[in-house]
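Student: The opening residue of the sequence shown carries number 65 in the numbering used here; numbering runs sequentially from there.
Glycine included, each C-beta is placed from N, C-alpha and C at the ideal position.
Have a look at this one.
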Amino acid sequence: MEARRVTELDVDDVLDLLADASGQPLGPDLSVSQLDHALQTAARLETERPGDTVLAAAGLVHDIGHLLPGSSDETHGQDAARAVRRVLGERVAGIVALHVEAKRLLVATDPAYTGLLGSDSVSSLARQGGTFGAEAAAAFVNEPWAADAVTLRRADDAAKVAGVDVGDLTRWVPL
65 MEARRVTELD VDDVLDLLAD ASGQPLGPDL SVSQLDHALQ TAARLETERP GDTVLAAAGL
125 VHDIGHLLPG SSDETHGQDA ARAVRRVLGE RVAGIVALHV EAKRLLVATD PAYTGLLGSD
185 SVSSLARQGG TFGAEAAAAF VNEPWAADAV TLRRADDAAK VAGVDVGDLT RWVPL
């Protein structure tokens with residue numbers, strides 16, 4: 065793939081980016097690759113919401129923005145949504161776009177949530193806009209797919225365990 069900002073991906077691009085992510089660590093203090101994290105997130109969502117393949121697909125691609133040239137930690141959710149919208153649909157894109165804001169909501173509304181975050185997520189929170197205030201939280205919950213984004217966010221936070229076998233990428237190709 066060219067070293068430029070990608071705005072739309074096709075299925076092969078998505079699969080190639082994810083496959084290439086097997087050698088990219090999720091974070092400096094984590095022994096999980098970007099691919100393992102994507103697979104674990106999708107598998108957790110599949111278990112939590114059996115039959116909701118769209119939510120599982122969102123879990124698989126939610127952090128693909130981190131793999132796109134020109135993307136940043138602050139914009140990876142929006143970049144990923146834009147990249148997959150055409151190939152995976154509006155609901156996947158909407159959920160993916162909101163997963164960063166879902167973290168901001170959970171920090172604001174769930175006192176125990178912050179304690180569950182890894183150091184990488186805590187440090188990125190400030191760069192991503194910090195904790196929601198009451199007005200922003202109220203606006204977020206009225207967004208389409210907000211509840212799905214919160215579900216994805218919780219799976220995202222839990223999907224950072226080294227050595228978990230959830231199958232490989234070929235398992236998700238039918239999505």
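Please classify S135: does DSSP put it in a helix, a strand, or coil?
Tutor: Numbered from 1 along the sequence shown, position 71 holds the residue referred to as residue 135. It is coil, neither helix nor strand.
Student: In chain order, what residues of the same chain have a beta carbon less than 7 Å from the beta carbon of A222, not counting five sequence neighbours either side?
Tutor: Taking the first residue of the sequence shown as 1, we reach residue 222 at position 158. Closer than 7 Å at the Cβ level, and outside the excluded window around A222, lie R108.
Student: Check whether the stretch 184-203 and the stretch 226-233 touch, using three or more Cβ-Cβ pairs below 8 Å as the test.
Tutor: They do not touch, by the three-pair rule.
Student: When the cut-off is 8 Å and only beta carbons count, does Q142 lie next to chain B?
Tutor: Included in the structure is just one protein chain, with no chain B present.
Student: Just checking my contact of S183 with D93 at CB under 8 Å: how many whole Å lie between their CB atoms?
Tutor: By 1-based counting over the sequence shown, the position of residue 183 is 119. By 1-based counting over the sequence shown, the position of residue 93 is 29. Correct: roughly 6 Å between the Cβ atoms.
Student: Apart from the five residues just before and just after S188, which ones in its own chain have a Cβ nearer than 6 Å to its Cβ?
Tutor: Position 124 of the sequence shown, counted from the start, is the residue given in the question as residue 188. If we look at S188 and ignore the five residues flanking it on each side, its Cβ neighbours are D137.
Student: According to the neighbour-count rule (16 or more other Cβ atoms, all chains shown, within 10 Å of its Cβ), is L180 buried or exposed?
Tutor: As a working note, residue 180 is residue 116 in the sequence shown. So L180 ends up on the exposed side.
Student: Taking DSSP as the reference, what is the three-state secondary structure of S183?
Tutor: As a first step, residue 183 must be located in the sequence shown, where it is residue number 119. Residue state, collapsed to three classes: helix.
Student: Quick check on the DSSP output: the alpha helix (DSSP H) that includes Q88 runs from which residue to which?
Tutor: The residue given as residue 88 occupies position 24 in the sequence shown. That residue, Q88, is in no alpha helix (DSSP H); it is neither H nor E in DSSP.
Student: Can you name, in chain order, every residue of its own chain whose Cβ lies under 6 Å from the Cβ of Q301, other than the five neighbours on each side?
Tutor: Any answer about residue 301 is impossible in this case: the structure gives the chain only from 65 up to 239.
Student: Could you check which residue in R146, Y177, G134 and G123 has the C-alpha nearest to that of W236?
Tutor: The residue you call residue 236 lines up with position 172 of the sequence shown. Closest option to W236, Cα to Cα, is G123.
Student: Please classify S188: does DSSP put it in a helix, a strand, or coil?
Tutor: Looking up residue 188 in the sequence shown gives position 124. Helix at S188.
Student: So who's on the other strand from S97, going by DSSP bridges?
Tutor: Position 33 of the sequence shown, counted from the first residue, corresponds to residue 97. The partner list for S97 (beta bridge, DSSP) reads P89.
Student: For A166, which residues from the same chain have a beta carbon less than 6 Å from its beta carbon, with the 5 sequence-adjacent residues on both sides left out?
Tutor: The residue given as residue 166 occupies position 102 in the sequence shown. Only A213, V214 and R217 meet the Cβ criterion.
Student: Evaluate contact between the stretch 170-178 and the stretch 141-160, counting only Cβ atoms and requiring at least three cross-stretch pairs below 8 Å.
Tutor: Segments in contact, no.
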